[in-house]
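Novice: According to mature numbering (1 follows the signal peptide of the UniProt record, and there is no 0), the stretch in the sequence shown is residues -21 to -1, 1 to 171, in order. All C-beta atoms, glycine included, are put in the ideal place defined by N, C-alpha and C. Computed from a predicted structure; not experimentally measured. Pasting a structure below so you can have a look.
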Amino acid sequence: MRRLALVAACLVLASACGANGSPEPSQPSLLAAPPSTSATPGTLTQRVSEPSRIRIPSIGVDARIVKVGLKANGDMETPSFGRAGWYSKGPKPGEDGPAVVIAHVDSKTGPDVFAKLKQVKKGAKIQITDKAGVTYEFVAQRSQQTAKTALPAKQIWGKTDGPALRLITCGGAFDKASGHYLSNVVLWADEA
């Protein structure tokens, strides 16, 4: 069932990306952070708190992270403009598995959090700080722009050898008729 929810979320990322004719999404609620017992990434005894901030120095990103899940209709919730959203049905950054963080590429007023995601180079550092103040560092491995209808679900949600990070936004051509971009940009990163 969890795998089905993850694949469903991957397929609905089409609504999670940027400027369109629809109103801005409401901000998802935040949960209290559980106590943290360790600051060492990748250990089995670690209790990782929910992520609270993402930094990508190479493209000037420094944004708050909010929790997102699925709406009643199965679409992925989107963060408010100016925020990133951590997909809470998957791993937290710092836990084993691919943690997913999404953000808009733009809004009606201009560029948004992941406006320059496509420009992140292999080897670039990505930092996620959790609510307990622990910072997890990831290294960009590759990125790919793909049609929303061909999003590589197995590569995004597949098993990893440890903590991993997937950053997703919209890209490619903007379809004025639908108010959506036709592609997604996905960035894969591994724990540093």
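May I have the straight-line CA-CA distance separating Val45 from Gln106, to the nearest angstrom?
Specialist: For Val45 and Gln106, the distance between alpha carbons rounds to 15 Å.
Novice: For the region 46 to 65 against the region 123 to 141, are there 3 or more C-beta pairs whose distance is under 8 Å?
Specialist: Result no; under three Cβ-Cβ pairs closer than 8 Å.
Novice: Tell me the residue span of the alpha helix (DSSP H) that contains Lys133.
Specialist: Its alpha helix (DSSP H) spans residues Ala132 to Trp136.
Novice: Considering just the uninterrupted stretch of the beta strand (DSSP E) at Glu29, what are its terminal residues?
Specialist: From DSSP, Glu29 is part of no beta strand (DSSP E); its letter is neither H nor E.
Novice: If we require 3 or more residues per run, which beta strand (DSSP E) segments fall completely within the region 43 to 124?
Specialist: If we require 3 residues or more, the beta strand (DSSP E) runs fully inside the region 43 to 124 come out as 63 to 66, 76 to 82 and 104 to 109.
Novice: Leaving aside the five residues before and after Tyr115 along the sequence, list all residues of the same chain whose C-beta is less than 6 Å from its C-beta, in chain order.
Specialist: The residues are Pro20, Pro72, Gly73 and Ile107.
Novice: Nearest to Lys97 by CA position, among Glu29, Ala168, Val27 and Thr148, is which residue?
Specialist: Of the listed residues, the one whose Cα sits closest to Lys97 is Thr148.
Novice: Tell me whether Ser37 sits in a helix, a strand or coil according to DSSP, three-state version.
Specialist: Ser37: helix per DSSP, three-state reduction.
Novice: Give me the Cα-Cα distance between Ser28 and Tyr160, rounded to the nearest whole angstrom.
Specialist: Computed Cα separation, rounded: 33 Å.
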